[in-house]
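Report on the following structure.
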Amino acid sequence: MDPIKDAFSKVKQDIQDLKEQLESIKFSLDYLNKSSNSNLDRQTDNPTDRQTHTSQIETHNPSNPTYNLNEPSNMPLKAVKSPISSFSTGNRGVPTDRQTDRQTDRHMNSLENSKKNDFQADNISSIDQVSQVLESLDSIKKELRYKFKRLTSQEMLIFSTIYQLEEEHFTVDYSIIANKLTLSESSIRDYTLKLIKKGIPIQKTKENNKKIVLSIPSDFKKIASLSTILQLREL
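Quick note on numbering: the sequence shown equals residues 1435 to 1669 in this note's numbering.
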């Protein structure tokens, strides 16, 4: 198979892969932004929740009755029971809901850092792939320049005529080229054969088992226009 056609196919596939990766990166970025905003909103709401919780505890604590210390009391002495507390005695009185919030914050921050690291790794991978595609395109351009600079003026004229007639939606065969250039059909056949042997992408297909139709591969046209090829020859 023609190495130029292979290179074009590979570049086309690489470009498609890059498009898919860019869409994936965009989705990941949107997700990270939403996660960060959600976490900030939750952290903003927590102080209000804690204040409300503390206020409710204070409101429901009964006020201590006032006793006359000068009057003897006949009530039996009992050990004072400490009220049930929502505070953690093992952490110097830190509220248990605050501990839970901090643990949740640390967990969320860890998840976000992990996602950001993955996102950065994907970015680096995508940049590397873009660089590889650009290098492939540069290599193809050099290969095209080398091949087309080797053509004679007459061979380049034949190729340009095929390319241009196709762009004008003609069905290109030997006779139409011969009429346009006022050359014999046998001369056009000889030049076409020389072009193919030099690695120039020209396809030959037979219609109705008789008529030979000449064409330029569509993948080649997507990457190299006729004007681009002519410019490469001038470099």
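The beta carbon of each residue, even a glycine, is placed where N, CA and C say it ideally should be. Owing to the predicted nature of the structure, the values given are computational and were not obtained by experimental measurement.
Can you give the Cα-Cα distance for R1579 and R1540, rounded to whole angstroms? About 58 Å.
Give the DSSP-derived three-state secondary structure of E1602 in the structure shown. Three-state result, E1602: coil.
Could you round the C-beta distance between L1595 and I1611 to whole angstroms and report it? I think they count as a contact, below 8 Å. The displayed chain sequence assigns Thr, not Leu, to residue 1595. Yes, they are in contact, since the Cβ atoms of T1595 and I1611 sit about 5 Å apart, within 8 Å.
What first and last residue would you give for the beta strand (DSSP E) that runs through S1661? According to the DSSP assignment, S1661 belongs to no beta strand (DSSP E) but to the alpha helix (DSSP H) extending over L1660 to E1668.
T1639 - DSSP class collapsed to helix/strand/coil: Strand.
From this set, M1542, S1544 and Y1597, which residue's C-alpha is nearest T1662's C-alpha? For the residues M1542, S1544 and Y1597, the minimum Cα distance to T1662 belongs to Y1597.
When F1593, E1454 and I1657 are compared against S1649, the one with the closest alpha-carbon: S1649 has its Cα closest to that of F1593, out of F1593, E1454 and I1657.
Whole-angstrom distance between K1576 and V1606, CA atom to CA atom: C-alpha of V1606 to C-alpha of K1576: approximately 28 Å in a straight line.
So, E1601 versus Y1608, is the Cβ gap smaller than 8 Å? No, the Cβ-Cβ distance between E1601 and Y1608 is not below 8 Å.
Coarse secondary structure for L1617, derived from DSSP in three states: Coil at L1617, not helix or strand.
Give the straight-line distance between the Cα atoms of K1637 and K1656, rounded to the nearest whole angstrom. One detail in the question is off: residue 1637 reads as Gln in this sequence, not Lys. In this structure, the CA atom of Q1637 is about 16 Å from the CA atom of K1656.
Please work out which residues of its chain come closer than 8 Å, Cβ to Cβ, to T1500, disregarding the five sequence neighbours upstream and downstream, and give them in chain order. At T1500, the pLDDT of 46 sits below 50, so the modelled position is not reliable; the number obtained from the coordinates is stated separately. Cβ contact annotation for T1500 (same chain, cutoff 8 Å, sequence separation greater than five): none.
Looking at the secondary structure, which residues open and close the alpha helix (DSSP H) in which K1644 lies? First-last for K1644: undefined, no H or E at that position.
Just the C-alpha distance for G1633 and K1581, rounded to the nearest angstrom, thanks. When rounded, the distance between both Cα atoms is 7 Å.
Under 8 Å between C-beta atoms of L1735 and L1615: Examination of residue 1735 is not possible in this model, given that the chain is present from 1435 through 1669 alone.
Whole angstroms is fine: what's the gap from L1660's alpha carbon to N1543's? Rounded to the nearest angstrom, the two C-alpha atoms are 55 Å apart.
Along the chain, where does the alpha helix (DSSP H) containing D1653 start, and where does it finish? From DSSP, the alpha helix (DSSP H) with D1653 extends over S1652 to I1657.
How many Å lie between V1647 and L1666 at the Cα? In a straight line, the C-alpha of V1647 is about 27 Å away from that of L1666.
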